[in-house]
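In UniProt numbering, the protein residues as written are 1 to 403. All C-beta atoms, glycine included, are put in the ideal place defined by N, C-alpha and C. Encoded as structure tokens, the structure appears first; notes follow it.
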């Protein structure tokens, strides 16, 4: 149960798992003292319920409202992110990631809509150092040597394209075999050749429509044209696209396609019929980065993005995993701040103030259960003081006098 509580805390808040486990352990420790004296557990549980409701009421008074609106206070959000990240990473790296985390949440935020953190892609590259972690608007591993194929790289054409129109599509640009068993018979080579051409005609027509759109929007300028397709593109189609100067990427993941549309604009099309320039997105830079056997496609310098990628770099798997966990927690903390429009003081301030409130305000027959709950709250400031090398009792007394 304690483990499930910590997991739920991490999933929702992104931080506070250690404090939650400490509080539960201290609550059980306080309860054991009263139970050993002969008190019935039911009385303690009733006191816990009363203390919980009273603490939530006090929280509404104690919290500090923060007005977000259309232009959120970035300094407040940075303070929240920095507080979360510094508990998991060393100070210099935490401060660097603070801006990345805040800008990521603000990038995907839309007015009057809940924030969807799935629109922030967290990718990692075992490359360079942890301080090289950065924010880009889209970075997708659109190629894996086992199943992806990039026609323009194979043909030694462009590896870097600037000022590119982006067509995101979910159209099959390869010859599909019949789903039912069928046989075709021919008596000479001419008939076989005619059958092959007929089989290719439908796919070639789709490719030609894409080429026509490219010629329409790129004529008279130096702009490039990029096709990112969720389905397959066979070699003959890739050859046609490459000869027309079109960069083609196939078998992109569905989640990447959704983020790509939000980042670059345009629309994801399921058919090449009636293609218009309004279907196209835009990116100032598209290029390939090769790291070992992996090839990554970067799409950057986009206009008004609502999706982004945090590219985590590190020299080893442990460092990457550590940064990844910290970034996830920071994203959740900033998201909750934006949605709740409130913050509370840290460093055990709320726990001490809530304890004083419970002791002074709640006076009922279940006083001992409330007292146990209140005393358990002090485990957080006590632990913080002990970890800071301070005298625990002096710190608690000073905080109690202050509140």
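Closest by C-alpha distance to residue i, when choosing among the options
i	options	result
residue 297	283, 56 and 303	283
residue 98	81, 112 and 332	81
residue 78	89, 385, 96 and 43	96
residue 195	213, 346, 175 and 164	175
residue 265	315, 278, 61 and 29	278
residue 23	2, 39, 34 and 73	2
Min CB distance residue i to chain C below 8 Å
i	result
residue 323	This model lacks chain C altogether; it includes just one protein chain.
Unbroken beta strand (DSSP E) run spanning residue i, endpoints
i	result
residue 288	281 to 291
residue 167	160 to 169
residue 123	120 to 126
Distance between residue j and residue i (C-alpha atoms, nearest Å)
i	j	result
residue 10	residue 210	46 Å
residue 203	residue 245	18 Å
residue 295	residue 319	22 Å
residue 199	residue 186	14 Å
residue 197	residue 160	34 Å
residue 108	residue 42	47 Å
residue 44	residue 387	31 Å
residue 354	residue 115	30 Å
residue 54	residue 358	7 Å
residue 377	residue 65	23 Å
residue 57	residue 51	10 Å
residue 230	residue 166	13 Å
residue 382	residue 6	20 Å
residue 292	residue 127	10 Å
Contact set for residue i: own chain, Cβ-Cβ below 7 Å, skip 5 residues either direction
i	result
residue 111	70
residue 152	Reliability of the predicted coordinates at residue 152 is poor, the pLDDT of 42 falling under 50, and no value is obtained from them.
residue 206	171, 173 and 272
residue 103	135
residue 237	173, 174, 203 and 207
residue 336	13
residue 384	347 and 348
residue 418	The structure shown does not extend to residue 418, since the chain is modelled only from 1 through 403, so no value can be given for it.
residue 105	115, 331, 334, 335 and 338
residue 30	372, 375 and 376
Residue interval of the alpha helix (DSSP H) (run including residue i)
i	result
residue 427	Since the displayed the chain opens at 1 and closes at 403, residue 427 lies outside it and no answer follows.
residue 228	Segment 224 to 229 is the beta strand (DSSP E) holding residue 228; no alpha helix (DSSP H) there.
residue 380	379 to 387
residue 318	317 to 340
residue 103	91 to 108
residue 255	254 to 264
residue 402	392 to 402
Cβ neighbours of residue i in the same chain (closer than 6 Å, five flanking residues each side left out)
i	result
residue 15	84, 329 and 333
residue 218	225
residue 192	186
residue 250	229, 232 and 233
Whole-number beta carbon distance between residue j and residue i, since they are thought to touch under 8 Å
i	j	result
residue 47	residue 352	Not really, about 20 Å apart at Cβ, beyond 8 Å.
residue 311	residue 133	7 Å
residue 262	residue 117	The Cβ separation is near 13 Å, so there is no contact.
residue 269	residue 164	Actually they are not in contact, since the Cβ atoms of residue 269 and residue 164 sit about 17 Å apart, beyond 8 Å.
Close beta carbons around residue i, own chain, < 8 Å, minus the five adjacent residues each side
i	result
residue 216	277
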